[in-house]
Structures are given as C-alpha cells and as structure tokens.
Amino acid sequence: MKLQFLGAAKTVTGSCFYIECNDMKILVDCGLYQGENADEINRAALEYDPKTIDFVFITHAHLDHSGMLPRLVKDGFRGKIITT
0 MKLQFLGAAK TVTGSCFYIE CNDMKILVDC GLYQGENADE INRAALEYDP KTIDFVFITH
60 AHLDHSGMLP RLVKDGFRGK IITT
C-alpha cells in the first residue's frame with residue numbers, strides 16, 4: 000500500500016490523500032485550497048493522473064474537501080465518487 004498526503008498536511012485546506020492498494024488508485028477528499036495564493040495552488044499541476052483514479056471518497060461537502068471535483072472530472076476522471 001502507498002499513501003501520500005497531498006493536501007491539508009501543513010494547512011487546514013486542500014484536503015487530499017492518495018492511496019494505491021491492490022492495483023487500485025483512490026483519493027480520499029479532493030479539496031480546494033483557500034486563502035493566500037489559493038488560485039495559484041489550485042491551478043498547479045496535479046500530483047497524479049485523474050484518468051487513473053478508480054474512486055474518490057468525499058468525507059463531507061465543504062469546499063476544502065470536495066471543491067476540486069469539477070477539475071478532476073475536467074482533467075479526465077471517470078471513476079466512482081462516494082460521499083457521506
């Protein structure tokens with residue numbers, strides 16, 4: 000299993016965790032960054048290829064946990080989205 004903390008590690012916005020397990024690629028949350036330099040951060044290259052993600056689990060609907068979903072789909076995500 001591989002786990003990467005891609006957001007909200009040194010801040011409280013942009014929650015995103017990337018997991019690879021048994022040939023599956025999963026995101027837990029896909030949040031927008033908010034605050035200073037947020038536009039620049041939100042438009043930066045993603046650290047994964049959205050086309051390869053199988054599932055996105057959204058813990059709750061706040062923008063800092065779900066706000067990047069439209070970009071994910073625009074960039075090729077076609078997997079399943081599971082929400083609470």
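Numbering (numbering that gives the first Met the number 0), first residue to last: 0 to 83. For each residue, glycine too, the CB sits at the ideal point set by N, CA and C. This structure is a prediction, so every number in the text was calculated from the model and none was measured.
In the three-state DSSP reduction, residue 51 falls in the helix class (H, G or I).
When 59, 36, 77 are compared, the shortest CA-CA separation from residue 15 is found for 59. Note: residue 19 is bridge-paired with 1, 24 in the DSSP secondary-structure output.
Taking a contact as a CB-CB distance under 8 Å, the pair residue 49 and residue 71 counts as one, their CB atoms being some 5 Å apart.
It is roughly 5 Å from the alpha-carbon of residue 67 to the alpha-carbon of residue 29.
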